[in-house]
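Peer 1: Here the protein sequences come in this chain order: F and H.
Under my numbering, the first sequence has 163 at position 163, and the numbering climbs by one with no breaks.
Adding 1000 to a residue's 1-based position in the second sequence gives its number in my numbering.
Where a beta carbon is used, it is the ideal one built from N, C-alpha and C, also for glycine.
The structure under discussion is supplied below as structure tokens; questions concerning it will follow.
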Amino acid sequence: MNPLGTTNPTTGKPASSADGHGSLLRLRGYSVHLHSPRGIVAAVDGVDVDLARGRTLAVVGESGSGKSVLCRSLLGLLPAAAVAHRGGTAHFDGIDLAVTGEAALRDIRGRRIGMVFQDPMTALNPVLPVWRQIALPLRRHLRLDRRAAKRAAVELLDSVGIPDPARRADQYPVQMSGGMRQRVMIAIALGCDPDLLIADEPTTALDVTVQAQILGLLDRLRAERDMAVILISHDLGVVADHSDDVMVMYAGRQAERGATRGVLAGPRMPYTRALLDAAPTLHGERGRRLAAIGGQPPDLTRLPDGCAFAARCPRVQDRCRTQAPPLAPVPGSAHDGACWNPVPVPGSADLPEGGAPIPQETQETSRA
Amino acid sequence: MTTRSLLARAGQAVIVLVSVAVATFALGRILPGELATAVLGDTATPEQIAEFNRKTGADQPAVEQFRTWFTGVLHGDFGTSALTGQKVSDALADRAVPSLLLVVFAEVLALAVAVPLAVWAAYRRGKAPDKAANAGSFVLLATPQFAIAVLLIYIFAVQLGALPATGYTPPEQDPAQTFRTLLLPAVTLALGLAAVYYRVLRAGVLETLQQDYILAARAQGLTPRQVLFRHTLRPSLLPLVTLVGLNFGFLVGGAVIVEQLFAIPGLGTYALGAVQTKDFTVLQGTVLLIAAVYVLVNLAVDLLYGVLDPRIRHAR
């Protein structure tokens, strides 16, 4: 439900965009190169994304894999001086983000694309009552007056499950728990009823029990509003339960990509396999040692010619060190991977899409 | 701020003021030279001096003198200047008005210039406006106050004849003329203050702009004006507020150069005269009044802290 109801005169969402078959966000070969003290860094390198309304894409990877840079670059939030080069194309609902100026991007940010940040302790302004923080984008984008904006803020707090919203609206972030602050962040992001929500590690800073509540809330809101969601995470348990598709990133490149069930059930890229082995599972066998991924993430200023993961890969071959593997459909599975020597499919049988067994039992009940 | 911490603050203020009273009183007894010889001259006979001391109470024990003086202070009577015969409380009342007007005027001018400039410069960090404002603030900081004053007098009073060069008209006589007489001295003070305020606030804004909640505000599509003035300014103000309070207290009694140059009968000149003539009754009263202003302003600053930053208000 949209708490703003009819007062939201959205920017006239076309039923389908001109390019990309109904996909709201469409990236082709999207790259972001950043200046760093030690040279130019390919923080994001040739990423393709197709994301439709009502779907959740999980972006997974270690710190420095380019997840956050990707999203911030799309929104024009990177400091202009830091960006050395952008490549490829990025279309949001038919709008070419690459040629959109800062002023026009400001009309998209917060109104059509909402963003939730990792740490609600630092991403909320400590000196403003929360209703004012919710109200500012409403006043800017929807031209609500002060009273209407406050009323809408209270309704939004209600819609994200904050009890006694009228009283909470006048409070400051310091008076709230972490989970409640993240609900406030979500209320801010959803205020203008965006088409796309980018959630950058939305639960990393929260207690486990609160994590589940927040992710459940995001799922509910996505379904209610037919929103597209990009869920950035390094937690594969979160990804398994709360996304339709997954993109695994390594050193700025896409390592493996496809339907979440298929990728997690039958990872073909050794890096994805290693990530899964490193993740604790609720139903995993007791006493099993979690496998750490050996070595360090690569130096992005001096990426090797070949595969970026080659130095840490247990399945490395000579070819991997000289030639970077392209992202391509992996034989024997329904998803794409960038690997010369993919992990064999368990039982060596071809797995139909979504037909693979799920590693975690919780997954079966979590999503419709 | 809770009532309890407010009461604690008020208690501290009283302790500070009583300590200041004792200290200034003691200072008058420690400094060499007697009031009697200062008033009567070197040729006074011992009999004349004894008579003078008897009349002014200087022959009493120090504790008794302090008790008499302080009881008077509590009743609003700061004693009488032995030199001029004028009641100190009357003189202080007269002198406090131009001093306070001057300082308030200067602070308002300084903030009106420094706040928008600092926010703008920080936002355009490293760009031309930032560099120009930085250079300007350095020039102002490096220029002595009297040079600024003389320059202003030369331009606006001598060359343009637009404003009076010196003097002061009390507001009860002609408020418009009060404004005109205080404008140049206030600008003189304000330029120096603005340079400092600019630097402090610019640093604060730069720090705030690094915060996650500013990135979040930008991600909400807010305009630069909203980001700067709704989200950034308030969390950046605390150091500036402290500084404004300290300067206010200092300038009420410490704007001596400006008061002298522009012939403004303020507290600073009054205190300076009292030091030179060893008129301790006057000095004690002036110092106590200035200390009271300090204490009150800092109390106000503490309260403002809580208003500006709810983390202080809601801290356990």
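1) With 7 Å as the C-beta to C-beta threshold (strictly closer), list the residues of the segment 1218-1239 of chain H near chain F in chain order.
2) Could you tell me if T1286 (chain H) is buried or exposed, where buried requires 16 or more neighbouring beta carbons within 10 angstroms of its beta carbon?
3) Under 8 Å, do V154 (chain F) and A166 (chain F) count as touching if we go by C-beta distance?
4) I'd like to know if R1316 (chain H) contacts chain F, where contact means its C-beta is closer than 8 Å to some C-beta of that chain.
5) Nearest to Y172 (chain F) by CA position, among H:D1309, H:I1015, H:Q1284, is which residue?
6) Report yes or no: is there a C-beta of chain F within less than 8 Å of the C-beta of Q1211 (chain H)?
7) What does R1125 (chain H) touch in chain F if you count any residue whose Cβ is under 7 Å from its own?
8) Report all residues from its chain with a CB closer than 7 Å to the CB of W1120 (chain H); omit the five preceding and five following residues, and keep chain order.
9) Grab me the residues of P359 (chain F)'s own chain with a C-beta within less than 8 Å of its C-beta, minus the 5 sequence neighbours each way, in chain order.
10) Alpha carbon to alpha carbon, how far is G1266 (chain H) from E1259 (chain H)? Give it in angstroms, no decimals.
11) Report the residues of the segment 164-177 of chain F with a CB closer than 8 Å to any CB of chain H, ordered along the chain.
12) Given a threshold of 16 other Cβ atoms within 10 Å of its Cβ, counted over all protein chains shown, does P344 (chain F) qualify as buried or as exposed?
13) What do you get for S243 (chain F), buried or exposed, if any count of 16 or more other CB atoms within 10 angstroms of its CB means buried?
14) Using DSSP with H/G/I as helix, E/B as strand and the rest coil, what is Q1065 (chain H)?
15) Using the beta-carbon count (16 or more within 10 Å), is Q133 (chain F) buried or exposed?
16) For the beta strand (DSSP E) containing S185 (chain F), list its first residue and its last residue.
17) Decide if R222 (chain F) is buried, meaning its Cβ has at least 16 other Cβ atoms within 10 Å, or exposed.
18) Check whether the Cβ of P990 (chain H) lies closer than 8 Å to any Cβ atom in chain F.
19) Are the segment 1157-1165 of chain H and the segment 1109-1127 of chain H touching by the rule of at least three beta carbon pairs closer than 8 Å?
20) Within the same chain, show all residues whose beta-carbon is closer than 6 Å to that of C313 (chain F), passing over the 5 residues directly before and after it, in chain order.
21) Can you grab the Cα-Cα spacing for the pair V1241 (chain H) / P202 (chain F), in whole Å?
22) Checking 8 Å against the spacing of the C-beta atoms, do A1219 (chain H) and R109 (chain F) come in under that value?
23) Taking the C-alpha atoms as reference points, what is the distance between D1059 (chain H) and L1006 (chain H)?
24) Given that A123 (chain F) touches chain H, what residues does it touch there, using C-beta distances under 8 Å?
25) Is the shortest distance between the beta-carbon of D107 (chain F) and the beta-carbons of chain H less than 8 Å?
26) With three or more beta-carbon pairs closer than 8 Å as the criterion, would you say the segment 80-92 of chain F touches the segment 24-33 of chain F?
27) Answer yes or no: do V32 (chain F) and S73 (chain F) have a C-beta to C-beta separation smaller than 8 Å?
28) Check whether the segment 1128-1146 of chain H and the segment 1219-1234 of chain H are in contact - that is, three or more C-beta pairs closer than 8 Å.
29) Give the range of the alpha helix (DSSP H) segment to which Y1305 (chain H) is assigned.
30) Should V32 (chain F) be flagged as near chain H, meaning a C-beta pair shorter than 8 Å?
31) With a threshold of 16 other CB atoms inside 10 Å of the CB of G46 (chain F), please say whether the residue is buried or exposed.
32) Kindly say whether L1243 (chain H), judged by its beta-carbon, lies nearer than 8 Å to any beta-carbon of chain F.
33) Does any CB atom of chain F fall closer than 8 Å to the CB of D1309 (chain H)?
34) With 8 Å as the threshold, decide whether the Cβ of R225 (chain F) is near any Cβ in chain A.
35) Should P1239 (chain H) and G1204 (chain H) be called a contact, given that it needs their Cβ atoms to be closer than 8 Å?
36) Looking only at DSSP bridge pairs, what is Q254 (chain F) linked to?
Peer 2: Well, looking at it:
1) R1218, A1219, Q1220, G1221, L1222, T1223, Q1226, R1230, H1231, R1234, P1235
2) buried
3) yes
4) Confidence at R1316 (chain H) is low in this model, with a pLDDT of 47, below 50, so the placement of that residue is unreliable and no value is reported for it.
5) H:D1309
6) yes
7) By Cβ distance, chain F contributes nothing, its closest Cβ being about 10 Å from R1125 (chain H), past 7 Å.
8) P1129
9) Its pLDDT being 42, under 50, P359 (chain F) is placed unreliably by the model, and the measurement read from it follows with that caveat. A240, L264, A265, L276, T281, listed in sequence order.
10) 6 Å
11) Y172, V174, Q175
12) exposed
13) buried
14) helix
15) buried
16) Rather than Ser, the amino acid found at residue 185 (chain F) in this sequence is Met. M185 (chain F) -> not in any beta strand (DSSP E); alpha helix (DSSP H) instead, spanning 178-190.
17) buried
18) Outside the shown range of chain H (1001 to 1316) lies residue 990 (chain H), about which nothing can therefore be said.
19) no
20) P270
21) 36 Å
22) yes
23) 42 Å
24) D1212, Y1213, L1215, A1216
25) yes
26) yes
27) yes
28) no
29) 1280-1308
30) no
31) buried
32) no
33) yes
34) Any reference to chain A falls outside this structure, whose protein chains are F and H.
35) yes
36) F:M249
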